[in-house]
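Below is one structure; the comments refer to it alone.
Number of protein chains: 2
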Amino acid sequence: MISDRLSATFAALADPTRRAILARLVSGEASVTQLAAPFEISMPAISKHLKVLERAGLIARGHEAQWRPCRLKAGPLKDVADWAEHYRRYWTESFDRLDDYLRDVENREKKHGYGKHGDKRKRA
Amino acid sequence: MISDRLSATFAALADPTRRAILARLVSGEASVTQLAAPFEISMPAISKHLKVLERAGLIARGHEAQWRPCRLKAGPLKDVADWAEHYRRYWTESFDRLDDYLRDVENREKKHGYGKHGDKRKRA
DNA sequence: GATGTATTTAACCTCTAGGTTAATTATGCC
DNA sequence: GGCATAATTAACCTAGAGGTTAAATACATC
């Protein structure tokens, strides 16, 4: 079980099915069956996804006869947005802190350099 | 392995150690040993976290002698921020779509209602 | 080339995530 | 009460996450 709220939120959002469920809930309350319709997975699987979303505080659930309608609770998403905002200047600097390391790195690029999987290039 | 980029990003961010590493990288490039310092886990564990961050495109790695300095790559965080922004109006509506369901729900709250774990309350 | 430092890889462990099918619970309707 | 529908719980499976320790790799220096 994930203790801190932000981790629980990110973990809940890491699954595309769950993000799709949230997206669906934007257009209003829905039953479990309705939420399950677009997916090929079983009902219990959907049920588990909903439990994860509920634990993360991203949905709330009601009771109407045998239905348990879900609705969006976007509160934790504000935390996500706020958290990401702290990094805005780093994605704004066109290439991630480009200015910071250009002088350091570029003028010694024959020796070092940032490659995808380390330095496997031939060296002159 | 996670196929879509957004899922990989969220999954990477779901771990507090990894978020702390990103936060540290805001103050500039750092070696693996430097990044590991604040934590009690082993070097291989840190190495794995860095691999996750690298795969998610959140860091880039260099080569300097036996060091593999890391730097922040905030690109994917913009996607996170953009994604979250779509839900702004739902967390802005003070209590998550409050207006949408107040009429529907509140006037039948004796029968139904949104509780933490379903309707376990006594009914009149 | 031996030694020391930085880091990764290998091999392993445990726990959990995400899925399944079958059974159970809750409710409305006849 | 009996049946149909909605959803959850139970029991199970597999793959992967996150951690460990020990061994291997890469580089600088003496």
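As you go down the protein sequences, you meet chains E and S in turn. When the letters of the first sequence are read in order and numbered with the numbering used here, they come out as residues 677 to 800. When the letters of the second sequence are read in order and numbered with the numbering used here, they come out as residues 677 to 800. Think of the CB as a built atom: it goes at the ideal place given N, C-alpha and C, for glycine as much as any other residue. No experiment lies behind these values; they were computed from the predicted model shown.
Asked                                                                                                                                        : Found
If you measure from the beta carbon of S/Pro692 to each beta carbon in chain E, is any gap under 8 Å?                                        : yes
Taking Cβ-Cβ distances shorter than 9 Å, what residues in chain S pair up with E/Phe715?                                                     : The contacting residues do not exist; E/Phe715 stays about 15 Å from chain S at best.
Between S/Ala757 and chain E, is there a C-beta pair that is closer than 8 Å?                                                                : yes
I'd like the ranges of any alpha helix (DSSP H) spanning at least 4 consecutive residues and lying wholly in the stretch 679–737 of chain S. : 681–689, 692–701, 708–712 and 719–731
From which residue to which residue does the beta strand (DSSP E) around S/Arg747 run?                                                       : Cys746 to Leu748
At what residues does the alpha helix (DSSP H) containing S/Trp767 begin and finish?                                                         : Arg764 to Thr768
Which chain E residues sit within Cβ distance under 7 Å of S/Lys727?                                                                         : Correct list: empty, because the minimum Cβ distance to chain E is about 10 Å.
Check whether the Cβ of E/Ser707 lies closer than 8 Å to any Cβ atom in chain S.                                                             : no
Should S/Val728 go down as buried or exposed, given a rule of 16 or more other Cβ atoms within 10 Å for buried?                              : buried
Note the first and the last residue of the continuous alpha helix (DSSP H) segment covering E/Glu761.                                        : Gly751 to Glu761
Since E/Ser683 meets chain S, which of its residues come closer than 9 Å, beta carbon to beta carbon?                                        : Leu689, Ala690, Asp691, Pro692 and Arg695
What residues of chain E sit near S/Lys724, judged by a beta carbon separation below 8 Å?                                                    : Going along chain E, no residue has its Cβ under 8 Å from S/Lys724, so there is no contact; the nearest lies around 15 Å.
Taking CB distances under 8 Å as the criterion, tell me whether S/Ala732 reaches chain E.                                                    : no
Hey, out of E/Gly751, E/His762, E/Arg764 and E/Arg765, whose CA is closest to S/Arg765's CA?                                                 : E/Gly751
Please name the residue in S/Lys749, S/Pro745 and S/Leu701 whose C-alpha comes closest to that of E/Val767.                                  : It is Trp, not Val, that sits at residue 767 of chain E in the sequence shown. Minimum Cα distance to E/Trp767 is reached at S/Lys749.
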